[in-house]
Amino acid sequence: MNEIIVVLSILGYAAAVKYLMREDMELSLFSAISLVVCLLYAFSLFGALKSGSFIVFGTGMLFLVLALIVITIRLRSDLLLEYFLTPGIATFWVISGLFLFKTRGYTLAFWDEFSHWGLMTKEMYQSGALSVPKGAVTFWYYSPGANLFQYYFTVISGFNEHTLYFAQFVLLFTPVVVFFREFSFKRHTPFIILTTAFFYTLIIVFFQTTVSIMVDQVLGVYFGMALTAYFRGGNKKDTSLLLYVPVLCALTLFKASGLFFAIAVTVIISASFILKNFFDKSSLKLNRTLPVVITLLIFVLSPLITSESWKAHIKHENGGQIPNLIQSSGQSLMDAVRSPKNDDQRTIVSNFFSAIKDKGREIGTFNVKHWFAVFFALFGILFILRSGRRASILWVFSTMTLFFIIYIAGILKVYLFNLGPYEGKLLASFERYSATYLLSFSLLFYGFVQPESIFKCRQDTGGVLSALRQYKLLIFYVFFMAVFFYHYPILKNLNINTAFAHPDYDTKWFRNKISPQINFVKSKTPANSSVFIVFLATTGFEHRVVSYELLPRRFNMGCWSLGKPFFDGDIWTCNITTREWFEQLSSGRYTYVYIATPYDIFWHTYGEAFDNSTKQWSDILFKVNYEKTDGKHFLSPVR
């Protein structure tokens with residue numbers, strides 16, 4: 200349970216933020232956990248990730264001890280409750296503890312967990328530094344925020360895959376405790392339970408599980424809860440805006456699209472902040488102008504500075520070049536939509552708009568078009584019921600809608616110009632990308648629905664409309680549960696086990712099966728070597744698992760399957776000659792070849808690549824001999 204000690208260090212930062220900013224503990228925790236991500240990032244840029252992690256940990260524990268000492272000296276039990284036992288913090292401990300207990304022994308299962316997210320964190324743990332161009336992580340230039348936070352847990356508690364899940368869940372659930380600000384157990388316990396259930400329901404509807412190290416869930420929660428926190432009382436003081444600076448920095452670091460979400464938060468909040476401080480005569484004071492302007496500038500510039508610092512790091516590591524992910528060949532998005540230049544683009548555009556409005560690509564229960572119809576209806580009702588918040592509701596909903604249109608256009612651009620024709624036409628991960636924004640929309644709507652106080656059973660003679668205002672939260676719950684219980688049967692079985700369920704996809708069985716081979720390869724190859732992995736007749740998942748197991752050894756990204764296609768639609772098998780294979784090994788400077796699944800047809804096609812001492816079907820690891828310039832017999836068995 201060393202993970203709990205790491206959480207305590209984060210709680211120390213939250214106590215320090217609360218003391219300095221005079222804010223509630225829930226918002227302070229949201230800001231503090233983001234601050235930890237930013238500090239780890241800063242240390243990593245200076246090449247001191249491992250030592251910096253210990254400094255961050257030690258400082259957090261020091262803050263925690265100092266807070267406890269002050270509380271003890273002053274004999275203030277109320278301070279203990281105010282800092283460490285508020286409803287939000289207590290809920291955080293209970294839910295996090297349950298997650299840690301229920302997920303002990305869980306291992307990675309999803310494709311992207313092996314191909315990138317888990318791979319990057321594992322390499323960080325082994326090297327104590329960020330990934331580099333010539334390392335094992337292919338997409339080393341992806342934003343490392345979530346991986347840095349997972350690394351922080353592993354460097355203190357040791358590397359376990361369930362630790363990665365726990366660290367990611369802490370990132371995921373911490374922003375949600377902002378819902379419980381200024382609440383009491385006596386009056387709001389039912390609301391806390393219902394809100395937690397609502398959060399889990401959203402995650403399961405949109406992403407099927409809370410047990411994942413994919414960053415899309417975290418992006419959606421951070422985006423939605425940053426806005427929710429601000430518009431639900433997180434703007435009481437001008438300096439409160441500084442609490443969101445680390446939130447924006449962390450959001451920018453989670454994924455490339457995180458900068459887009461951070462800019463959206465900046466635009467939406469800045470407009471409200473400017474209106475409040477410069478156009479509201481009741482709050483306009485000349486002696487406050489300069490501090491307010493400085494605060495606003497720090498807030499606006501923080502995500503841009505974070506993004507530019509990461510770009511500078513990439514250029515420094517990559518010889519002054521930033522990998523160009525968008526290959527549009529000068530063609531604009533509008534040109535591609537209006538006049539596709541080939542059949543692939545035409546199919547992608549057609550499939551994309553069909554996914555938005557037709558059946559077959561639902562996100563949870565509805566497609567994108569129907570989701571927005573639901574949100575328009577809900578925000579319309581909210582606009583009527585929350586008469587005192589109408590300006591904020593109208594501004595937030597309209598700008599969120601505008602940014603969603605831009606976001607959807609960006610997804611289409613990725614399919615047209617970034618991904619290959621196969622993934623583009625399939626609209627790979629369309630549901631996951633869309634669910635990220637829809638999750639934030641749902642949390643934000645719930646934040647506006649949530650009243651300051653609920654379950655006050657009092658007499659009211661204001662008629663039907665007044666009753667609707669008083670009990671709108673309960674009405675919302677009834678509506679929400681009715682819709683989703685009808686359309687999403689899995690929620691009928693939502694319980695403590697399904698809440699922490701983890702689809703394994705037989706990954707654990709496969710990893711146990713290949714474990715003897717993996718151990719043999721590890722024992723015979725240096726950690727800094729490069730291994731070309733051959734895993735025939737597969738779409739690549741098994742290859743990714745093997746690659747993950749062989750870290751820190753560098754491996755091939757493609758051509759793991761060689762020969763003629765093994766099945767209909769097999770676009771992954773490279774139909775190359777023995778000579779071409781040799782040239783590929785030479786260009787990549789691979790020192791070893793690992794044959795994980797040899798077939799008769801493979802030996803028949805590539806038999807001349809192996810020297811005469813090779814024992815087919817029993818030898819699996821081979822040393823590459825580059826002196827064989829004729830491209831034959833260049834693989835010698837390693838036993």
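For the sequence shown, this note's numbering gives the first residue as 200, with consecutive numbering after it. Beta carbons: idealized from backbone N, C-alpha and C, even for Gly. Predicted model only: the values in this text are computed from it and were never measured.
For P343 and F453, the gap between their C-alpha atoms comes out near 6 angstroms. In this structure the segment 396 to 415 does not touch the segment 321 to 337; the number of beta carbon pairs closer than 8 angstroms is below three. A213 counts as buried, since at least 16 other C-beta atoms from the protein chains shown sit within 10 angstroms of its C-beta. By the C-beta criterion, the segment 222 to 242 is judged to be in contact with the segment 362 to 377, since at least 3 inter-stretch pairs fall below 8 angstroms. For the pair of segments examined, the segment 202 to 211 was found to touch the segment 248 to 262: the number of CB pairs separated by less than 8 angstroms reaches three. Secondary-structure assignment with DSSP links S760 through a beta bridge to T772.
Boundaries of the beta strand (DSSP E) harbouring V823: L820 to V823, taken from the DSSP string.
Runs of the alpha helix (DSSP H) lying entirely within the segment 450 to 508, each at least 4 residues long, are 457 to 477 in chain order. Look at L625 here: in three-state DSSP terms it is helix.
Our two residues, E826 and F833, have alpha carbons roughly 8 angstroms apart in a direct line. Partner residues in the beta bridge of F809, as assigned by DSSP, are L834.
If you compare the alpha carbons of I605, L495 and D277 with that of L440, the shortest gap goes to L495. Leaving aside the five residues that flank R545 on each side, the residues in its chain whose CB is nearer than 8 angstroms to its CB run, in chain order, P539. With contact defined as three or more Cβ pairs closer than 8 angstroms, the segment 700 to 718 and the segment 403 to 413 are in contact.
About 4 angstroms separates the beta carbon of F460 from that of F422, a gap short enough to meet the 8 angstroms contact definition. Per the coordinates, the alpha-carbon of A795 lies some 12 angstroms from the alpha-carbon of T737. Taken atom to atom, the span from the alpha-carbon of K814 to that of I521 is near 45 angstroms.
Within the same chain, Cβ atoms closer than 7 angstroms to the Cβ of T724 are found at V730, R752 and Y791, the five residues on either side in sequence being excluded.
Per DSSP, the unbroken beta strand (DSSP E) holding I794 starts and ends at Y791 to I794. With fewer than 16 other Cβ atoms from the protein chains shown falling within 10 Å of its own Cβ, F384 counts as exposed. For I732, the enclosing beta strand (DSSP E) covers residues S729 to V733. R537 sits in a helix when the DSSP states are folded into three classes. Put simply, of A266, D769 and S639 the residue whose alpha carbon is nearest the alpha carbon of G457 is S639. Of all alpha-carbon atoms in N517, S250 and L279, the one lying nearest the alpha-carbon of V264 is that of L279. Comparing alpha carbon positions, the residue from L637, F472, E360 and Y351 closest to Y305 is E360. Proximity to Y805 across S786, N774 and Y789 peaks at N774, based on C-alpha coordinates.
Note on W816: under 16 other CB atoms within 10 angstroms of its CB, so exposed under the neighbour-count rule.
Closest by C-alpha distance to S591, out of Y443, K712, F430 and H569, is F430.
Taking C-beta atoms as the reference points, S243 and L347 count as a pair closer than 8 angstroms.
Taking a contact as a CB-CB distance under 8 angstroms, the pair E225 and R386 does not count as one, their CB atoms being some 16 angstroms apart.
Assigned with DSSP and collapsed to three states, F766 falls in coil, not helix or strand. The three-state secondary structure of R753, taken from DSSP, is strand. Residue nearest to S553 within the set G762, F629, S786 and A449 is F629 (criterion: CA-CA distance). F283 has its alpha-carbon roughly 13 angstroms from the corresponding atom of T271.
Beta bridge pairing from DSSP links I562 with F565.
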